[in-house]
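K.L.:
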Amino acid sequence: TIRSLPERERAAGFAEVLKHGLIADETFVSWLETNAEKLWQLDSELLSKAIYRGCEVKANIVSADETEQNQRALLNLGHTFGHAFEALCEYSTLNHGEAISIGMCLAAKVAERMGIAQAGVHDRTRRLLRQYQLPTEWPHKLDPAKVLEVMKRDKKAVGGKLALVLPRAIGAVELFSQVDEELILSVMNEESGA
74 TIRSLPERER
84 AAGFAEVLKH
94 GLIADETFVS
104 WLETNAEKLW
114 QLDSELLSKA
124 IYRGCEVKAN
134 IVSADETEQN
144 QRALLNLGHT
154 FGHAFEALCE
164 YSTLNHGEAI
174 SIGMCLAAKV
184 AERMGIAQAG
194 VHDRTRRLLR
204 QYQLPTEWPH
214 KLDPAKVLEV
224 MKRDKKAVGG
234 KLALVLPRAI
244 GAVELFSQVD
254 EELILSVMNE
264 ESGA
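Under this note's numbering, the first residue of the sequence shown is numbered 74, with each subsequent residue one higher.
1. Cα-Cα, which of Ala97, Arg226, Arg83 and Leu78 is closest to Gln204?
2. Suppose the cutoff is 7 Å on Cβ atoms and the five residues either side in sequence are ignored; what does the same chain contact list for Asn143 look like?
3. Three Cβ pairs or more, each shorter than 8 Å: is that satisfied between the stretch 193–208 and the stretch 90–101?
4. Decide if Arg126 is buried, meaning its Cβ has at least 16 other Cβ atoms within 10 Å, or exposed.
5. So is Cys128 buried or exposed if we call it buried at 16+ other beta carbons inside 10 Å?
6. Taking the alpha-carbon of Glu284 as reference, which of Trp211, Val223, Ala132 and Gln251 has the nearest alpha-carbon?
7. Give the C-beta separation of Asn108 and Leu119 to the nearest angstrom, bearing in mind that I take them to be a contact with Cβ-Cβ under 8 Å.
8. Do the stretch 182–193 and the stretch 226–242 make contact, defined as three or more Cβ pairs closer than 8 Å?
9. Take Lys225 as the anchor and find which of His213, Gln251, Lys214 and Thr209 has the nearest alpha-carbon.
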């Protein structure tokens with residue numbers, strides 16, 4: 074089935090696997106970096122290992138939070154940005170994996186700017202995603218202020234205040250509530266060239 078997909082959809086599928094590594098397993102991320110070329114060429118043995126580990130990470134998180142108290146939200150790395158991009162692009166110019174890829178880069182940059190992420194998390198996240206042909210640049214022509222307005226309607230928002238899943242390191246993320254909107258807007262303006 075994977076072999077039948079166009080390259081753009083293949084990349085979108087890899088976004089999910091990469092996300093699982095970025096959330097919970099730095100060793101897996103290193104393995105994904107080392108084996109990117111063979112995985113992109115769909116080496117059967119490596120692909121099976123990548124899919125298995127990605128599913129394992131997700132299953133561990135879901136089983137630890139069967140009643141959706143908080144832990145499961147960690148699976149939403151990049152999604153608050155990504156869902157806003159999808160909505161503003163009217164679900165046409167970006168697929169889900171592409172939107173989340175850009176969102177994961179932004180989350181890493183916001184985390185570094187807040188001082189909660191180790192230096193280099195953003196650059197390494199961006200390099201990893203690019204290895205799998207995923208976009209990491211600001212979506213063409215989107216207004217950061219409009220993106221922020223859509224983000225404020227995210228299901229993780231509390232009382233109109235943004236909550237974001239942000240990395241502390243590669244393979245370690247946390248849910249942060251009431252993230253400063255001005256800081257987020259500043260990062261988005263910087264990325265968009267506004």
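Yeah, the Cβ is synthetic: ideal placement off N, Cα and C, and Gly gets one too.
Nothing here was measured: the structure is a model prediction, and the numbers come from that model.
P.N.:
Walking through what the data contain:
1. Arg83
2. Leu248
3. yes
4. buried
5. exposed
6. With the chain represented from 74 up to 267, any question about residue 284 goes unanswered, as that position is not in the structure.
7. 5 Å
8. yes
9. Gln251
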